[in-house]
Every structure is written in structure tokens, then in C-alpha cells.
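Residues in the sequence shown are numbered consecutively from 5, following the working numbering. Where is the CB? At the ideal position from N, CA and C, for every residue including glycine. All of these numbers come straight from a predicted model, not from anything done at the bench. A quick write-up on the structure given underneath.
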Amino acid sequence: MRPSVPVTRPYSNVNSSCESCPIRHRAVCAHCEREELAMLEKMKSYKTFESGEPIIWAGDPLQFVASVVTGVASISRTMEDGRRQMVGLLLPSDFLGRPGRGFANYDVTAVSKVTLCRFERAPFENLLKSSPSVSRRLLEMTLDELDAARDWMLLLGRKTAREKIASLLAILARRETILNPKAGETLSMRFDLPITREAMADYLGLTIETVSRQITALRKSGVISLEGKRHVIVPDYARLLDEAGDDSDGGADY
Numbered sequence: 005m006r007p008s009v010p011v012t013r014p015y016s017n018v019n020s021s022c023e024s025c026p027i028r029h030r031a032v033c034a035h036c037e038r039e040e041l042a043m044l045e046k047m048k049s050y051k052t053f054e055s056g057e058p059i060i061w062a063g064d065p066l067q068f069v070a071s072v073v074t075g076v077a078s079i080s081r082t083m084e085d086g087r088r089q090m091v092g093l094l095l096p097s098d099f100l101g102r103p104g105r106g107f108a109n110y111d112v113t114a115v116s117k118v119t120l121c122r123f124e125r126a127p128f129e130n131l132l133k134s135s136p137s138v139s140r141r142l143l144e145m146t147l148d149e150l151d152a153a154r155d156w157m158l159l160l161g162r163k164t165a166r167e168k169i170a171s172l173l174a175i176l177a178r179r180e181t182i183l184n185p186k187a188g189e190t191l192s193m194r195f196d197l198p199i200t201r202e203a204m205a206d207y208l209g210l211t212i213e214t215v216s217r218q219i220t221a222l223r224k225s226g227v228i229s230l231e232g233k234r235h236v237i238v239p240d241y242a243r244l245l246d247e248a249g250d251d252s253d254g255g256a257d258y
């Protein structure tokens with residue numbers, strides 16, 4: 005339920021240059037030259053949100069755009085009768101906000117502890133006019149997001165519960181190895197599940213009991229193994245894709 009007074013917190017003191025940023029090679033600044041990075045350095049600031057904390061509400065003035073540095077956030081829409089539907093996830097290196105748009109269309113909430121690299125919207129929009137590198141990368145990311153949305157329409161509309169769970173795990177495994185190559189140095193992939201089973205159920209249109217049952221089934225079949233509640237090991241990524249009902253990475257970079 006939306007609070008009557010927006011929650012605000014000061015920016016956290018994160019000391020990280022663009023050159024050493026963990027998402028540098030995947031974020032909106034991926035193609036930037038040194039001069040462009042210097043301009044981004046001057047306008048950026050960091051803010052951290054705790055799990056469950058709202059980042060922005062639908063209808064609020066969109067005063068900033070941002071890249072997710074760490075953590076996972078959900079994108080959702082609340083209907084008039086109070087029902088809420090999660091329509092997307094923001095993972096590390098994903099871009100939040102729409103240059104040229106003054107208000108947010110969706111609620112964005114931290115699913116885990118999230119750190120954003122934020123840029124005030126007006127200066128960032130001015131940078132887009134003079135920086136083909138940032139504009140090109142933003143276009144690439146927008147087209148990738150469009151492809152991912154189409155893949156997700158297929159997943160939600162046609163795939164079985166087992167295929168839905170396998171598809172989401174494939175996306176998370178692939179993203180982890182892109183951002184952290186050491187996670188895929190061996191034949192297996194490994195990552196920490198960044199969202200709860202309840203959030204997975206909400207996102208996939210399943211019950212939490214179904215999510216738990218299908219994860220257990222994938223584990224018993226040897227498709228995945230679990231260490232603790234969150235650490236997932238994928239011994240054979242191709243087999244996980246087969247379980248997802250896909251012979252390609254599909255939306256794995258989403």
C-alpha cells in the first residue's frame with residue numbers, strides 16, 4: 005500500500021569510479037569514451053534501497069534515470085481494485101527510467117538490497133544529445149528489453165510451470181556469468197538466487213507452492229542443485245534450456 009508521505013533517504017557514500025564499476029561493460033555507459041565518462045562522473049550519485057523499499061511510484065515525477073549496480077528490483081502495476089501484477093525485473097546493469105518522459109509509469113520496488121547509480125534526468129538528456137556512445141547503447145538496451153518482453157509473453161502464455169521456473173533460472177544464470185565471468189569458469193554455472201520464491205511466484209503467475217514443487221523437481225532430476233536456500237548450481241546449462249522449452253538463450257540476457 006502506498007504511503008501518504010514518500011520515503012526518502014540520503015545518498016549512500018559509494019566510492020567507485022566509472023572505470024572500476026562492476027557493471028561498466030554492460031551498463032548504459034559501456035561504449036563511452038574517457039571524456040564521456042568524465043561527464044557522467046560529474047552528474048552521478050549513488051543511492052541504496054533496502055529490500056521492500058519503494059524506489060519510485062507510478063505517477064511520481066521522474067526526476068532521475070539510473071543503472072542498477074547491485075541487487076534486484078521489481079517493476080509492477082497496481083490495478084484499480086488493488087491487485088498488483090509484477091511485469092518485470094531490474095537486474096544489475098539494467099537501466100531505470102525513460103529520458104524524455106516526465107512521470108513514472110510503473111511502481112519500482114527493491115526486491116533485495118539495491119544500489120543505483122543515479123543521474124538527474126535533465127543533465128542526462130542533454131548528454132544524450134551530444135554523446136552518440138550513450139545514445140547508441142541506450143538504443144541497444146531498449147531493443148534488448150523489447151526482445152525480452154516478447155520472450156516473456158511466450159513464457160507466461162504458453163509454457164508450463166516447470167518451463168517457467170527453468171526459463172527464469174536460465175535468465176539469472178546467464179546474467180550472472182556475463183557480469184561475473186568466474187561464475188561460469190567451470191562446466192557448471194552457479195549463482196545466488198536474488199529473489200524469494202514468493203517473488204518468483206508473483207512474477208511467473210504461479211503459487212508459491214508450485215514454485216517450490218517445481219524447484220524440488222528440477223533438483224531431483226539433476227537439472228540444478230542447491231546449496232542452502234539461495235545458492236543455485238547449474239551443472240549443464242544446455243539441459244536447463246531444454247527444460248525451459250527453448251534451444252537458445254532466448255531472453256537470457258534480460
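Buried is the label assigned to GLU247, since at least 16 other Cβ atoms lie within 10 Å of its Cβ. Scanning its chain for C-beta atoms nearer than 6 Å, with the 5 sequence neighbours on each side dropped, one finds around ILE60 the residues ALA108, VAL112, in chain order. DSSP places GLY86 in no beta strand (DSSP E); its state is neither H nor E.
In the displayed model, ILE175 falls within a helix according to three-state DSSP. Every beta strand (DSSP E) stretch that sits fully inside the segment 214 to 242 and reaches 3 residues is listed by chain position as 229 to 231, 235 to 238. With respect to the 7 Å criterion, PRO26 and SER116 are not classified as neighbours on the basis of their beta carbons.
No Cβ-Cβ contact shorter than 7 Å links ALA126 with SER55. When the beta-carbon positions are compared, LEU100 and LEU93 stay at least 7 Å from each other.
The shortest C-alpha to C-alpha distance from THR52 to any of SER229, ALA177, GLY232, VAL76 is the one to VAL76.
If you draw a straight line from the Cα of ARG122 to the Cα of GLN67, it is about 10 Å long. CYS33 and SER192 have their C-alpha atoms spaced approximately 30 Å apart. GLU202 and HIS235 have their C-alpha atoms spaced approximately 16 Å apart. With a minimum length of 3 residues, the unbroken runs of beta strand (DSSP E) contained wholly in the segment 66 to 128 fall at 68 to 74, 77 to 82, 88 to 94, 111 to 114, 118 to 124. Non-local C-beta neighbours of TYR110 in its own chain, meaning closer than 6 Å and more than five positions away in sequence, comprise ALA62, ILE79, ARG81, ordered along the chain. Under DSSP, ARG140 takes part in no beta bridge, so it has no partner.
Comparing alpha-carbon positions, the option among MET83, THR119, ARG105, LEU41 lying closest to GLU57 turns out to be THR119. A distance below 8 Å between beta-carbons, with the five flanking residues on each side excluded, links GLU37 to the following residues of its chain, in chain order: SER137. The beta-carbon distance between ALA152 and LEU244, rounded to whole angstroms, is 18 Å. This is too long to meet the 8 Å contact definition.
Within the model, the alpha-carbon separation for SER21 versus LEU41 is close to 9 Å. Remark: C-beta atoms of ASP206 and MET83 do not approach each other more closely than 7 Å.
Contact between the segment 215 to 229 and the segment 162 to 180 is present, with at least three C-beta pairs closer than 8 Å. Under DSSP, ARG162 forms no beta bridge with any residue.
Per DSSP, ASP196 lies in no alpha helix (DSSP H); the unbroken beta strand (DSSP E) holding it starts and ends at 193 to 196. VAL72 is positioned such that its CB atom lies no closer than 7 Å to that of PRO103. At the C-beta level, LEU132 and SER139 come within 7 Å of one another.
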